[in-house]
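Take a look at the structure set out below.
Numbering (the working numbering), first residue to last: 474 to 647.
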């Protein structure tokens, strides 16, 4: 019984950055290649990986991320990286991210570049064809990553985490 209780006990907050994440260089929604190390130097980031054709999880998670950011005292950068570069070009990302807030930065690139960034951030994504939809869907990791000012991951939020919970955790980090 004691072992079962320990298994479900929440892990203590991390005191060191996680060994995932980091800066990357991809095509920004503005149509120019951008390096996050230079563009967002000294600013923490909230990073989410998804795609513009996502029917449910991506839009709600991005809304939670934006709401959390608006409720903090921190000037974090909001980053959305596509996992579907075949359909998500720079112009597509710009139109999509602006639906949430102009402060949300979308990134895309060729398939190899996206795969490299996904590997660095430990992101799972796979194409999923079904008969129910006329086009394919993407199965993918639904985590929001908070980085420190050096862009090292210091907190990970599961999809569905309430924006006020995220905002409190972000404020506590900074």
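Using N, Cα and C, we set each Cβ at its ideal position, and we do this for glycine too.
It should be emphasised that the depicted structure is a prediction, and the values quoted were computed from it without experimental measurement.
Counterpart residues of residue i in DSSP-defined beta bridges
i	result
residue 522	554
residue 538	Answer is none; residue 538 lacks a bridge partner.
residue 628	619
residue 500	506, 581
residue 610	601
residue 494	625
Short Cβ contact (8 Å threshold) for residue i with residue j
i	j	result
residue 522	residue 643	no
residue 581	residue 555	yes
residue 610	residue 620	no
residue 513	residue 593	no
residue 636	residue 537	yes
residue 563	residue 500	yes
Alpha-carbon to alpha-carbon, residue j and residue i
i	j	result
residue 543	residue 534	14 Å
residue 502	residue 550	14 Å
residue 598	residue 613	4 Å
residue 571	residue 491	30 Å
residue 553	residue 606	24 Å
residue 541	residue 645	13 Å
residue 480	residue 526	In this predicted model, residue 480 has a pLDDT of only 49, less than 50, meaning its place in the structure is not dependable enough to derive any value.
residue 585	residue 578	20 Å
residue 565	residue 531	15 Å
residue 547	residue 539	13 Å
residue 567	residue 504	9 Å
residue 589	residue 508	14 Å
residue 601	residue 591	18 Å
residue 630	residue 641	12 Å
residue 506	residue 583	12 Å
Counted within 10 angstroms of its Cβ, other Cβ atoms place residue i as buried (16 or more) or exposed
i	result
residue 633	exposed
residue 510	exposed
residue 524	buried
residue 494	buried
residue 558	buried
residue 469	Nothing can be reported for residue 469, as the shown portion of the chain is limited to 474 through 647.
residue 628	buried
residue 638	exposed
**OP:** Kindly confirm or deny that the region 510-530 and the region 618-625 touch, where touching means at least three C-beta pairs closer than 8 Å.
**Re:** Below 8 Å, enough C-beta pairs join the region 510-530 and the region 618-625 to call them touching: three or more.
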